[in-house]
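Peer 1: Attaching a single structure in structure tokens format; questions to follow.
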Amino acid sequence: MIHLKPISTQKEDQNENQKNFFQPHCLIAGKKYYFGTGGGTDEFIRYCQTIQTKSDFNSNFSSGFNLVCEKVWMEEDGKSNMREIIKITKQQTI
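Counting from 408, one number per residue, gives the positions in the sequence shown under my numbering.
Next up, the structure:
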């Protein structure tokens, strides 16, 4: 059985998480590395950051908000590939 452990359990982070509980978000589960295919969770985060800065992607999508990616859980047992859960939220821009 796998027990989920948060990356950070500090009181400040818990209070911040409670404030943002009802903020729409997306959770993505993935591996830190995908051997032989490239990519992984870090590559996915970098990709999300390029979407918010590309002007040629879709002007309706890229203007008005940025994508914010945060690693909220990581499993590192030393026997297999690290697994992570990433929380993606929208941050309004002015």
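Quick reminder that beta carbons are idealized off the backbone N, C-alpha and C, glycines included.
Does the Cβ of C476 have 16 or more other Cβ atoms within 10 Å, making it buried, or fewer, making it exposed?
Peer 2: Flag for C476 reads buried.
Peer 1: Measure the Cβ-Cβ separation of I492 and C455 and say whether it is below 8 Å.
Peer 2: Not in contact: I492 and C455 (Cβ atoms no closer than 8 Å).
Peer 1: Assuming L474 contacts I458 (C-beta within less than 8 Å), just tell me the rounded distance between them.
Peer 2: L474 to I458, Cβ: 6 Å. Contact.
Peer 1: How should T444 be labelled, buried or exposed, when 16 other C-beta atoms within 10 angstroms of its C-beta is the threshold for buried?
Peer 2: Exposed, because fewer than 16 other Cβ atoms sit within 10 Å of the Cβ of T444.
Peer 1: Compute the Euclidean distance between the alpha carbons of E482 and A436, then round it to the nearest angstrom.
Peer 2: Rounded to the nearest angstrom, the two C-alpha atoms are 11 Å apart.
Peer 1: Look at the alpha carbon of K478 and the alpha carbon of P431, and state the distance between them as a whole number of angstroms.
Peer 2: Going by the C-alpha atoms only, they are around 16 Å apart.
Peer 1: Identify whether E491 lies in helix, strand or coil by the three-state DSSP scheme.
Peer 2: Looking at E491 - three-state DSSP - the assignment turns out to be strand.
Peer 1: Could you tell me whether the Cβ atoms of T448 and F472 are closer together than 8 Å?
Peer 2: Not closer than 8 Å, so no.
Peer 1: In the DSSP assignment, what residue or residues form a beta bridge with E482?
Peer 2: The partner list for E482 (beta bridge, DSSP) reads R490.
Peer 1: Can you tell me whether DSSP reads Q430 as helix, strand or coil?
Peer 2: Q430 falls in the coil class under three-state DSSP.
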